[in-house]
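Enquirer: Chains as they are written, first to last, in this note's numbering: chain H, 3 to 114; chain P, 4 to 116.
The C-beta atom is built at its ideal place from N, Cα and C for all residues, glycine as well.
Mind having a look at this structure? Questions to follow.
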């Protein structure tokens, strides 16, 4: 099992540009989570899906952020337009009926 | 409003000694608690957990203690090893919210030679 896969691993972009982060959960897992890690706020849950349906998006900071899960094996987190304060490490995690979330390696986003 | 609080951003412990990482929570509706470990440039990985109906869970060198009346849990690592140097996240799950968990800000543990 390859684990949770995220791409890209690093993204550097300029303010105002659109950024798309991608995630492939572990096969068979039915819940997927997007987190953001910063020094100030630690690990924040942005949104999570269950069976491809968004369940809780209360952590999405503002309308510039959107997430989709078109099928069980793929999800995207989009920021449009990006701002310097969006710079962080973004993690995707999935869970398949147990108690443990499995995290991907993260995408380090830098917005200049 | 931090529902899960790790008040020590960092901790240094001598190799071979006991490491104690602390976590406080505010929501009495949490029914399950977890510790995750994170190395640089990697995602967090699950370490150990405890249900709210227990007060202790042990797995090898790692023991988690839960004090519900104080809304406090701690992770003990004995003996501490160099590979334990990492960031440790405390997390909690809300009752009836099976999958959603809330993380603390993390504590960076340094094991000194």
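1. Give a yes or no on whether the C-beta atoms belonging to residue 114 of chain P and residue 88 of chain P are separated by under 7 Å.
2. Measure how close the beta-carbons of residue 78 of chain H and residue 22 of chain H come, nearest whole angstrom, since I'm counting them as under 8 Å.
3. For a cutoff of 7 Å on Cβ pairs, would you count residue 108 of chain P as touching chain H?
4. What are the partner residues of residue 70 of chain P, as DSSP defines its beta bridges?
5. In angstroms with no decimal places, state the Cα-to-Cα distance between residue 61 of chain P and residue 104 of chain H.
6. Taking the alpha-carbon of residue 17 of chain H as reference, which of H:39, H:64, H:44, H:85 has the nearest alpha-carbon?
7. How big is the Cα-Cα spacing for residue 44 of chain H and residue 109 of chain P?
8. Any idea which residues DSSP pairs residue 62 of chain P with across the strands?
9. Can you list, in chain order, the residues of the region 42-59 of chain P whose Cβ is nearer than 8 Å to any Cβ on chain A?
10. Would residue 97 of chain P and residue 14 of chain P qualify as a contact pair, given that the criterion is a beta-carbon distance under 7 Å?
11. Can you give me the start and stop residues for the beta strand (DSSP E) that residue 99 of chain H sits inside?
12. Using 8 Å as the cut-off, can you tell me whether the region 31-46 of chain P makes contact with the region 48-58 of chain H, which would need three or more C-beta pairs spanning the two stretches below that distance?
13. Using alpha carbons as the reference points, say which of P:45, P:29, P:57, P:67 lies closest to residue 12 of chain H.
Expert: So, to answer that:
1. Residue mapping note: residue 114 of chain P aligns to position 111 of the second chain, counting from 1. Residue mapping note: residue 88 of chain P aligns to position 85 of the second chain, counting from 1. Taking 7 Å as the Cβ cut-off, residue 114 of chain P and residue 88 of chain P qualify as a contacting pair.
2. Residue mapping note: residue 78 of chain H aligns to position 76 of the first chain, counting from 1. Residue mapping note: residue 22 of chain H aligns to position 20 of the first chain, counting from 1. A Cβ-Cβ distance of about 6 Å is found for the pair residue 78 of chain H and residue 22 of chain H, placing them in contact under the 8 Å criterion.
3. Along the second chain, one-based indexing puts residue 108 of chain P at 105. The C-beta of residue 108 of chain P comes closer than 7 Å to at least one C-beta of chain H.
4. Taking the second chain and counting its residues from 1, the one referred to as residue 70 of chain P is at position 67. Residue 70 of chain P pairs with P:75.
5. As a first step, residue 61 of chain P is located in the second chain; it is residue number 58 there, counting from the start. As a first step, residue 104 of chain H is located in the first chain; it is residue number 102 there, counting from the start. C-alpha separation (whole angstroms): 21 Å.
6. The residue you call residue 17 of chain H lines up with position 15 of the first chain. Ranking the options by Cα distance to residue 17 of chain H, first place goes to H:85.
7. In the first chain, the residue the question calls residue 44 of chain H occupies position 42. In the second chain, the residue the question calls residue 109 of chain P occupies position 106. Rounded to the nearest whole angstrom, the CA to CA distance from residue 44 of chain H to residue 109 of chain P is 7 Å.
8. Looking up residue 62 of chain P in the second chain gives position 59. Answer by DSSP bridge pairing, in chain order: P:65.
9. Absent here is chain A; the protein component of the structure consists of chains H and P.
10. Counted from its first residue, the second chain places residue 97 of chain P at position 94. Counted from its first residue, the second chain places residue 14 of chain P at position 11. In this structure, residue 14 of chain P does not lie closer than 7 Å to residue 97 of chain P by Cβ.
11. Within the first chain, the letter at position 97 stands for residue 99 of chain H. Looking at the DSSP string, residue 99 of chain H is not in any beta strand (DSSP E), and its letter there is neither H nor E.
12. Here the region 31-46 of chain P makes no contact with the region 48-58 of chain H; the two share fewer than three CB pairs at distances below 8 Å.
13. For the purposes of this step, residue 12 of chain H is taken as the residue at position 10 of the first chain. Of P:45, P:29, P:57, P:67, the residue nearest in Cα terms is P:45.
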